[in-house]
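In order, the protein sequence lines correspond to chains A and B.
For the first sequence, the residue numbers in the UniProt record's numbering are 1 to 260.
For the second sequence, the residue numbers in the UniProt record's numbering are 1 to 377.
Using N, Cα and C, we set each Cβ at its ideal position, and we do this for glycine too.
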Amino acid sequence: MNAIALADPIADTAMGDTLLYLEDVTVSFDGFKALNALSLAIGKGEMRTVIGPNGAGKTTMMDVITGKTRPDTGRVQFGDRIDLTRLDEAAVANLGIGRKFQKPTVFENLTVFENLELALKTSRGTFATLMARLDGTALRKIDEMLALIGLGGHKARSAGALSHGQKQWLEIGMLLLAEPQLLLLDEPVAGMTDIETEQTAKLFKELAGSHTLVVVEHDMQFVRELGVRVTVLHEGSVLAEGSLDHVQKNQRVVDVYLGR
Amino acid sequence: MTRHSLLTPRGWLVFLAAGFVLIVLLPAANRLAAPGGWLYLPDYLVPLIGKYCCYAMLALAMDLIWGYAGILSLGQGAFFALGGYCMGMYLMRQIGDRGVYKNPVLPDFMVFLNWKELPWYWQGFDMFWFAALMVVLVPAALAFVLGWLAFRSRVTGVYLSIITQAMTFALMLAFFRNNMGFGGNNGLTDFKDLLGLQVQSPTTRVGLLIASAVGLGLSFLLCRWIVGSKLGRVCRALRDAESRVRFLGYSPTGAKLFVFVVAAMISGIAGALYVPQVGIINPGEFSPANSIEIAIWVAVGGRGTLVGAILGAFIVNAAKTWLTGAAPEVWLFFLGALFIVVTLLLPRGVLGVMRDWQTRRAASRATAVAAKPVEAT
Ligand SMILES: Nc1ncnc2c1ncn2[C@@H]1O[C@H](COP(=O)(O)OP(=O)(O)OP(=O)(O)O)[C@@H](O)[C@H]1O
Ligand SMILES: [Mg+2]
């Protein structure tokens, strides 16, 4: 039943289980509503793209999900019963929610290897971290990831010395090593070459199903390549939802975003 | 790459050589060499070098929190002073009835204040083990409470610096008050015995130098171990992008609190070793300027390196000893100028300059080799 839904994620049929559910979320900054009664449901194993003009609230939505910003009103539910609005960033991350930032943020003064080591799924407690030793399995995971993100030859370089695209990949690698259930990706292909963009699309498609992905992008080519359900945000709420072709035919979407 | 060894083989060599000088050569030069001979280390230099070792421990603690975790505490001197007071209280209790007022229990200043009995917080300090425990626990407890409040509320950067400065300033004012029971303005002094040995005797002083050198060495290894651990890498990550660390699921509060408390403990031990060597502890040790000076030592040596902190403490304090003897009025200007020069011209400190120089030499050697016809890779 779930498999059928996954086979055609664009279809407007209800997904199996809902993994992430935002209900009536409002966030205002000095009276300006960055999110305005936003409601959104993402199914387990679904990949969803979110598009919308600058300032539509896409990044703010991720801030709310990851505990960075507390909404004024509304609920953010993860799984069956967890209310994310009560948790801080670290607690949200430990639930298995990983995030890639709009501006690539890696630890510039640490090496590529060290960046991945910190991201690796392990106990996050202070003493456990103090005593942590990398065992063979962990090393192998890091090496595999280095190969996957094409940074095998750069593992001892400081992350600050990487190109923009390489930093994007490193951040994706860090995200994956944490083995999250839900991946929030804010403009993951910005600054990537066409080939890199293609590889990213391929990777995301492989991840979907076993992971749940929310991908924010402006790159329509990439959104088309992913070929999944699209949510259009505008002024802090959902303007349209459906397949890319469907939302592209929507006159209001053309007016506020695509027709610019 | 997986197992970070504590030191490189060359590092161990330097470490052991420095230890040998401080623990064997210098004491021998003082105790065994003929006075006046060129090998002889004069008595007055023994506690001076011991004092530098204590400062170097303090600098290490500062580097651990500032250089690695980005916590610019400008109150590190307070933990040093608290450790010093704990040791001072032990030393006061050892005086017994040899004080001016011959009171077997009460220190002179309490008799002078007409106090009839020992306050509760002076109990137990006649026992060395208890005092030694307090030397570590009191600074640790203060650091824990202050750090927990500050880090949990995400107080960082200059706000944290201000809070820690305010803390040491408040403690200074409190310790100046006579009715606090710590000797007020004059502090604690006129010490007689330490573990049954005369504090002033040349042998004890050599013993204290050795203890300080051992303390410095162990603190260095402890700090190396911490910064080489995964937690050390979390700290460096925090220093550069704290919020990003949270999104990976680490709690910055825990990591910062850990290094802050460890640094306070090292500072407390440094203070405890310092007091018997200088023979006095007074509220001046809490002065905000002292804490700022510690940051300058670390900046001069090169922060985030540990070795640089030790170098900085020795260099700046040797300069201070020399200048305050030769031209006392110049010292503060010198310190200010030093800070400006280091911040503007040597952001990586003396150690950074030394390392640059090394790499340049290695590079020029490499080009010299490359000048010969060698197959390109
Ligand atoms: N911390 C903040 N304080 C004040 N205003 C903010 C804050 N964060 C976001 N905003 C405002 O909220 C609105 C939504 O911002 P957001 O970053 O979520 O947009 P976005 O959809 O991600 O845009 P972009 O495509 O440019 O990344 C913007 O107008 C922004 O200026
Ligand atoms: Mg954005």
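So, is residue i buried or exposed, given that buried needs 16 or more other C-beta atoms within 10 angstroms?
i: residue 275 of chain A; result: The structure shown does not extend to residue 275 of chain A, since chain A is modelled only from 1 to 260, so the question has no answer here.
i: B:Q165; result: buried
i: B:T203; result: exposed
i: B:L345; result: exposed
i: A:G123; result: Residue identity differs from the one stated: residue 123 of chain A is Ser in this sequence, not Gly. Exposed.
i: A:T126; result: buried
i: B:A362; result: exposed
i: A:D8; result: With a pLDDT of 39 at A:D8, under the threshold of 50, the predicted position of this residue should be treated as unreliable, though the coordinate-derived value follows. Counting Cβ neighbours within 10 Å, A:D8 comes out exposed, since fewer than 16 surround it.
i: A:R229; result: buried
i: B:V298; result: buried
i: A:I97; result: buried
i: A:G136; result: exposed
i: A:V27; result: buried
i: B:Y85; result: buried
Smallest Cα separation from residue i: which of the options?
i: A:P188; options: A:R48, A:T197, A:G79 and A:M47; result: A:T197
i: B:G302; options: B:G84, B:W322, B:P276 and B:R355; result: B:R355
i: B:L335; options: B:G352, B:R348, B:N317 and B:G349; result: B:N317
i: B:F79; options: B:S251, B:K116 and B:E285; result: B:E285
i: B:G304; options: B:W66, B:K230 and B:I163; result: B:W66
i: residue 396 of chain B; options: B:A263, B:L208 and B:F112; result: What is shown of chain B runs 1 to 377, which leaves residue 396 of chain B out entirely.
i: A:D63; options: B:S201, B:A81 and B:R246; result: B:R246
i: A:L244; options: A:R48, A:F32 and A:L20; result: A:R48
i: B:F220; options: B:L137, B:Q200 and B:G308; result: B:G308
i: A:E46; options: A:L35, A:D30 and A:D17; result: A:D17
i: A:L130; options: B:I23, B:A319, B:V234 and B:V353; result: B:V234
i: B:A69; options: B:I226, B:A29 and B:L22; result: B:I226
i: B:Q277; options: B:F144, B:V199, B:S287 and B:L133; result: B:V199
i: A:L175; options: A:E117, A:A128, A:Q248 and A:G227; result: A:E117
i: A:L185; options: A:V76, A:D80, A:K103 and A:E235; result: A:K103
i: A:D24; options: A:T212, A:Q248, A:R75 and A:G191; result: A:R75
i: B:G271; options: B:V135, B:M110, B:L91 and B:T324; result: B:V135
i: B:L25; options: B:A289, B:M172, B:S5 and B:V46; result: B:V46
i: B:D126; options: B:R10, B:V330, B:G88 and B:T343; result: B:G88
i: B:T321; options: B:L22, B:A29 and B:Y44; result: B:Y44
i: A:N36; options: A:L239, A:K44 and A:N250; result: A:L239
i: A:P180; options: A:I195, A:Q199 and A:L207; result: A:L207
i: A:A128; options: B:T343, B:K230 and B:L332; result: B:K230
i: B:A71; options: B:V158, B:F144, B:G349 and B:G36; result: In the sequence as presented, Ala is not what sits at residue 71 of chain B; that position holds Ile. If we check each option's Cα against that of B:I71, B:V158 comes out closest.
Is it the case that the Cβ atoms of residue i and residue j are separated by a distance below 8 Å?
i: A:V253; j: A:V223; result: no
i: B:L195; j: B:F130; result: no
i: B:S251; j: B:T168; result: no
i: A:M61; j: A:L95; result: no
i: B:L248; j: B:I296; result: no
i: A:Y21; j: A:A41; result: yes
i: A:G173; j: A:L139; result: no
i: A:T212; j: A:L182; result: yes
i: B:M92; j: B:P104; result: no
Could you pull out every residue in the same chain whose Cβ sits closer than 6 Å to the Cβ of residue i, ignoring the five residues on either side in sequence?
i: B:A33; result: L39 and Y40
i: B:W12; result: none
i: A:E225; result: A201
i: B:L171; result: A78 and F286
i: B:I23; result: I210 and A213
Residues in the same chain with beta-carbon distance under 8 Å from residue i, minus the five sequence neighbours each way, listed in chain order, please.
i: A:E89; result: T66, G67 and K68
i: B:S73; result: M62, I65, W66, L160, S161, T164, F260, A263 and S291
i: B:G207; result: L197
i: B:T2; result: Only weak support exists for where B:T2 lies, its pLDDT of 43 falling under 50; the value from the coordinates is given anyway. Correct list: empty, nothing qualifies.
i: A:R157; result: T111 and V112
i: A:S210; result: G45
Closer than 7 Å by C-beta to residue i: which residues in its own chain qualify, once you throw out the five before and the five after it? Chain order, please.
i: B:S364; result: none
i: B:I163; result: A150 and V155
i: B:L7; result: F15 and R224
i: residue 400 of chain B; result: The structure shown does not extend to residue 400 of chain B, since chain B spans only 1 to 377, so no value can be given for it.
i: B:P139; result: F79, L82, G83, A264, M265, S267 and G268
i: B:F175; result: F182, P283 and F286
i: A:F204; result: M47, L213, V215 and L226
Legend entry - Cβ contact check for the segment 241-257 of chain B and the segment 150-160 of chain B: 3 or more pairs under 8 Å: yes
Legend entry - Sufficient close CB pairs (3 or more, under 8 Å) joining the segment 152-162 of chain A to the segment 269-286 of chain B: The answer is no - the segment 269-286 of chain B does not touch the segment 152-162 of chain A, with fewer than three Cβ pairs under 8 Å.
Legend entry - Three or more C-beta pairs below 8 Å linking the segment 49-61 of chain A and the segment 205-218 of chain A: yes
Inset, instruction - Take every Cβ of the segment 313-327 of chain B, pair it with every Cβ of the segment 49-56 of chain B, and state whether three or more of those distances are shorter than 8 Å. - result: yes
Inset, instruction - Would you check if there are 3 or more beta carbon pairs closer than 8 Å linking the segment 103-118 of chain A to the segment 239-249 of chain B? - result: Verdict: yes, contact present.
Legend entry - Segment contact flag, the segment 77-87 of chain A with the segment 156-168 of chain A, C-beta cutoff 8 Å, min 3 pairs: no
Inset, instruction - For the segment 257-275 of chain B and the segment 70-85 of chain B, state whether three or more C-beta atom pairs, one from each stretch, are separated by less than 8 Å. - result: yes
Legend entry - contact_flag[the segment 107-121 of chain B, the segment 204-224 of chain B] where n(CB pairs < 8 Å) is 3 or more: No: fewer than three Cβ pairs fall under 8 Å.
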